[in-house]
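Undergrad: So for the sequence shown, the numbering used here puts the first residue at -19; every next one is plus one.
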Amino acid sequence: MTNSPFASVESWVFDLDNTLYPHHSNLFDQIDQRMSEFVQKLTGKPVEQARELQISYYKKYGTTLRGLMLEHHIEPDEFLEYVHDIDHSVLDPNPQLADAINQLPGKCYILTNGTRKHAESVANRLGITQHFEDIFGIMEADLVPKPAEATYQRFLDKNGILPQKAAMFEDLSRNLVVPNSLGMRTVLVIPDGTREVFREDWELSSGSEPHVDFVTDHLDGFLYNILGELKN
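1. From the DSSP output, in three-state form, read off residue 177 for me.
2. Bridge partners for residue 114 per DSSP, in chain order?
3. What separation, rounded to the nearest whole angstrom, lies between the Cα atoms of residue 143 and residue 78?
4. CA-CA distance, residue 174 and residue 8?
5. Pull up the DSSP beta-bridge partners for residue 195, would you.
6. Report buried or exposed for residue 103, applying the criterion of at least 16 other Cβ atoms within 10 angstroms of its Cβ.
7. With which residues is residue 213 paired in a DSSP beta bridge?
8. Check each candidate in 200, 71, -3 and name the one with the smallest Cα separation from residue 95.
9. Within 10 Å of its beta-carbon, does residue 197 have 16 or more other beta-carbons around it, so buried, or fewer, so exposed?
10. Quick one: what does DSSP say residue 49 is sitting in, helix, strand or coil?
11. Residue 12 and residue 151: beta carbons closer than 8 Å?
12. Are residue 146 and residue 131 closer than 8 Å when you measure CB to CB?
13. Could you pull the start and end residues of the alpha helix (DSSP H) that residue 96 belongs to?
14. Judging by CA-CA distance, which residue of 167, 207, 6 is the nearest neighbour of residue 190?
15. Exposed or buried, what is residue 50 when buried is set at 16 or more other beta-carbons lying within 10 Å of its beta-carbon?
16. Does the distance from the C-beta atom of residue 207 to that of residue 83 stay below 8 Å?
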C-alpha cells in the first residue's frame, strides 16, 4: 500500500497562469502589460504612476480588476476583454503534461483569477482541455478573486469537492493559505530551474511557509513522481 501523501486525493486543482504553463513563456507578461495600458487610459496617469496604481490594487484587492471596480466603479467586461486580448500562440503543446494529468486518479480542475475564455485558450494550446472536469474563472467566482476564502468555497461547493481529498497547485504562495487551512495538499509551482520565485519583492516566496506542503520547479516531473508513488 502506498505511503504517498497524495494517496487520498480525488480532486486535482490547478491554477492557470504561470502554473500550467511555464513562467518563462512570458504569456502572463502580455496580460500584465495590457492591464497597465488599461489603467493608464482609464486614469490618464503617466506610465509609471499607472503601473504603481495597478500593482497597489493587485496587492490590496487580489486582482487589479477588483481594485478598479471598487475604486473606479468600472464594469468588468471591458477590462477582461481588453487584458486577455493576447497572443496565445507563444505556448507550445505539452504532451508530457497532458499525459501526466490524464493519469491522475480522480478529477482535475482549473481554478483561475482569469477568465474561462482565457483558460480555454491556454488549455487548448497546451493540449490538455479534455482532461479537466471544470474551469472555474473570475466570472464564476462572482468577480471575487483568490485568495478570498469565499471563492475557494464557491468552487468546492459547485464541484462537490471535499478539500481533505484534494490537492491545489499554485504559483503564488498567498493563494495556498486558504487551501491549506481547508485541508488540501498544497504545491507551490515556481519557475523552471530555480528555487526562488522571481517576482515583485512583496511576492517573493521561499516555499518554506507553513501553508506550503511541497515545492516544485517542474510540474510535469512532479506529477509523474506522484504517479510513481501511487503505483508502489
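All C-beta atoms, glycine included, are put in the ideal place defined by N, C-alpha and C.
TA: Inspection of the coordinates gives the following:
1. For residue 177, the pLDDT reaches just 41, beneath the cut-off of 50, and the residue's location in the model is therefore unreliable, although a value from the coordinates is still provided. Here residue 177 sits in coil by DSSP.
2. 89
3. Cα to Cα, the separation comes out at about 24 Å.
4. Its pLDDT being 49, under 50, residue 174 is placed unreliably by the model, and nothing is read from it.
5. In the DSSP assignment, residue 195 forms a beta bridge with 168.
6. buried
7. Nothing can be reported for residue 213, as the shown portion of the chain is limited to -19 through 212.
8. Answer by Cα proximity: -3.
9. Buried is the call here.
10. helix
11. no
12. no
13. 96 to 106
14. 167
15. exposed
16. yes
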